[in-house]
Amino acid sequence: MQFDSFADFIHMGGYAFYVWLSFGVTFGAMCIIAIQSYVKHKALLNAVIADKARKARIERARQNEKRS
Amino acid sequence: MWKWLHPYAKTERAYQLCITLQPWLWVGAILCLSIGTVWGLAFAPQDYQQGDSFRIIYIHVPSAILSMSTYVAMAIAALVGMVWQWRTAYMTMIAMAPIGAALTFIALFTGAAWGKPMWGAWWVWDARLTSELILLFLYIGVIALYGAFEDKQQAGKAAGVMALVGVVNIPIIHYSVEWWNTLHQGATISKFDNPSIAPEMLWPLLINLLGFAFFIGAVTTIRLRNEIVLREQHRPWVQALAEQALLPHKTRER
Numbered sequence: 001m002q003f004d005s006f007a008d009f010i011h012m013g014g015y016a017f018y019v020w021l022s023f024g025v026t027f028g029a030m031c032i033i034a035i036q037s038y039v040k041h042k043a044l045l046n047a048v049i050a051d052k053a054r055k056a057r058i059e060r061a062r063q064n065e066k067r068s
Numbered sequence: 069m070w071k072w073l074h075p076y077a078k079t080e081r082a083y084q085l086c087i088t089l090q091p092w093l094w095v096g097a098i099l100c101l102s103i104g105t106v107w108g109l110a111f112a113p114q115d116y117q118q119g120d121s122f123r124i125i126y127i128h129v130p131s132a133i134l135s136m137s138t139y140v141a142m143a144i145a146a147l148v149g150m151v152w153q154w155r156t157a158y159m160t161m162i163a164m165a166p167i168g169a170a171l172t173f174i175a176l177f178t179g180a181a182w183g184k185p186m187w188g189a190w191w192v193w194d195a196r197l198t199s200e201l202i203l204l205f206l207y208i209g210v211i212a213l214y215g216a217f218e219d220k221q222q223a224g225k226a227a228g229v230m231a232l233v234g235v236v237n238i239p240i241i242h243y244s245v246e247w248w249n250t251l252h253q254g255a256t257i258s259k260f261d262n263p264s265i266a267p268e269m270l271w272p273l274l275i276n277l278l279g280f281a282f283f284i285g286a287v288t289t290i291r292l293r294n295e296i297v298l299r300e301q302h303r304p305w306v307q308a309l310a311e312q313a314l315l316p317h318k319t320r321e322r
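Just so you know, the sequences run in chain order A and B.
Just so we're aligned, residue 1 is where the first sequence starts under my numbering, counting upward by one.
Just so we're aligned, residue 69 is where the second sequence starts under my numbering, counting upward by one.
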């Protein structure tokens with residue numbers, strides 16, 4: 001360990017703002033792109049199911065129309 | 069020689085490969101990034117000139133190196149798409165573009181936050197910084213060009229040409245510190261025979277570099293899967309997959 005105490009570690013030899021800003025933004029950006037990718041994945045799969053259900057509904061309506 | 073590769077041009081095979089690789093890539097990314105970051109932040113020795121501010125190197129250098137590597141990978145995917153007419157290759161290209169853009173942003177941002185205490189300025193129009201900024205614009209250009217076409221096959225070709233032309237920027241970024249007098253320091257770790265960095269500082273850097281690479285791989289796999297679902301949404305296998313993923317109880321009942 002290069003630092004004497006936890007407070008010393010947070011202080012980063014006077015460069016706390018720059019060091020923690022860099023690490024915060026880096027891991028923040030990485031989290032955002034990862035989470036966005038997963039949220040999009042879920043939304044796409046939902047859209048596929050919704051589209052399939054819609055097509056089935058249209059098909060059913062068409063069959064009903066033919067019968068009546 | 070490359071024949072083993074051809075089945076993966078099929079979207080279904082590529083999708084399966086992504087699913088197989090993804091957990092390993094995530095394990096590698098989280099493991100390497102946590103080890104490298106904690107080591108770099110808390111255990112690596114201070115720099116004798118820059119004090120603790122040099123610790124930004126542990127994210128700045130990996131993201132900068134990999135922003136270029138990702139661009140090259142993207143351009144190779146574009147080339148494969150053009151030569152072999154693989155739709156999957158274009159999908160891979162566009163899956164990687166936002167990740168590369170994010171890495172370039174990280175490299176620029178951490179560079180600014182490092183430059184402020186060391187050079188006294190957040191930004192200077194230096195050769196290295198400017199060429200890296202152009203890299204960000206190239207990524208954004210590829211994404212925007214791809215988005216501008218309704219027909220995604222056309223979009224892939226157009227964005228692919230742009231990605232290939234943009235490769236010329238990569239050696240410019242790499243050699244900018246040699247070709248021009250810049251404020252940016254020269255290469256540190258790419259001189260493998262004689263790296264100008266102490267080993268106890270180098271190890272966490274290499275581990276983080278590996279961690280970032282794993283992370284890029286992990287996010288590429290999920291984004292490629294997204295691209296495949298989007299483009300193949302009318303295929304039965306994608307519909308079956310969506311049902312299996314979202315409605316597991318229903319499929320079991322059947």
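We treat Cβ as the ideally placed atom computed from N, Cα and C, and that holds for glycine.
Computed from a predicted structure; not experimentally measured.
For S37 of chain A, the closest alpha carbon among the candidates B:M164, B:T250, B:F205 is that of B:M164. Under the three-pair Cβ rule at 8 Å, the stretch 186-200 of chain B does not count as touching the stretch 138-150 of chain B.
When DSSP reads this structure, D115 of chain B sits in a beta bridge with B:G119.
For F282 of chain B, the enclosing alpha helix (DSSP H) starts and ends at 267-299. Taking the Cα of A169 of chain B as reference, the smallest distance to any Cα among A:Q2, A:I33, A:V19 is reached at A:I33. It is roughly 43 Å from the alpha-carbon of W187 of chain B to the alpha-carbon of F217 of chain B. Of the candidates B:V95, B:D120, B:L73, B:D120 places its Cα closest to the Cα of F3 of chain A. Think of a sphere of 7 Å around the beta carbon of L314 of chain B: the chain A residues whose beta carbon falls inside it are L45, N46, I49, in chain order.
A residue is called buried once 16 or more other Cβ atoms fall within 10 Å of its Cβ, and M1 of chain A, having fewer, is exposed. Of the candidates B:S135, B:L85, B:H74, the residue whose Cα lies closest to the Cα of F283 of chain B is B:S135. The CB of G119 of chain B comes closer than 8 Å to the CB of G13, G14, Y15 in chain A, given here in chain order. Residue contact check for V106 of chain B against chain A: no CB pair falls below 7 Å. Contact between the stretch 268-279 of chain B and the stretch 96-116 of chain B is present: 3 or more CB-CB pairs across the two stretches fall below 8 Å. One alpha carbon belongs to P272 of chain B, the other to F23 of chain A, and they sit about 15 Å apart. Sequence-distant partners of I238 of chain B (beyond 5 residues in either direction) whose C-beta falls short of 7 Å from its own C-beta, in its chain, are M136, Y139, V140. Under the three-state reduction of DSSP, S264 of chain B is assigned to coil, being neither helix nor strand.
Counting C-beta pairs closer than 8 Å gives fewer than three between the stretch 173-181 of chain B and the stretch 215-229 of chain B, which falls short of the contact rule. Nearest in C-alpha terms to F173 of chain B, of all of B:W247, B:Q221, B:P130, B:D219, is B:P130. By the rule that beta-carbons nearer than 7 Å mark a contact, I58 of chain A does not touch chain B. Under the three-state reduction of DSSP, L203 of chain B is assigned to helix.
Within a 10 Å sphere around the beta-carbon of N294 of chain B sit 16 or more other beta-carbons, which makes this residue buried.
At a cut-off of 7 Å between C-beta atoms, A110 of chain B counts as an interface residue with respect to chain A.
For W154 of chain B, the CB contacts under 7 Å within the same chain, skipping 5 residues up- and downstream, are A77, V148 in chain order.
In the structure shown, the three-state DSSP call for N249 of chain B is coil. Rounded to whole angstroms, G209 of chain B and M230 of chain B show a C-alpha spacing of 8 Å.
Proximity of L298 of chain B to chain A, defined by a Cβ-Cβ separation below 7 Å, is satisfied. Within the model, the alpha-carbon separation for V106 of chain B versus I127 of chain B is close to 12 Å. Ranked by how close their Cα comes to the Cα of T26 of chain A, the residues B:W70, B:I167, B:P185, B:W92 have B:I167 in first place. I33 of chain A reaches chain B at P166, I167, A170, V287, counting residues in chain order whose Cβ is nearer than 8 Å. For E311 of chain B, the residues of chain A that pass the 9 Å Cβ criterion are L45, V48, I49, K52, in the order they occur in the chain. The beta-carbon separation of V235 of chain B and V48 of chain A, rounded to 35 Å, does not stay under the 8 Å limit for a contact.
Look at T256 of chain B: its C-beta is not under 7 Å from any C-beta on chain A.
Identification of chain A residues near S131 of chain B by a Cβ-Cβ cut-off of 8 Å yields T26, ordered along the chain.
Interface annotation, A29 of chain A: in contact with chain B, CB-CB separation under 7 Å.
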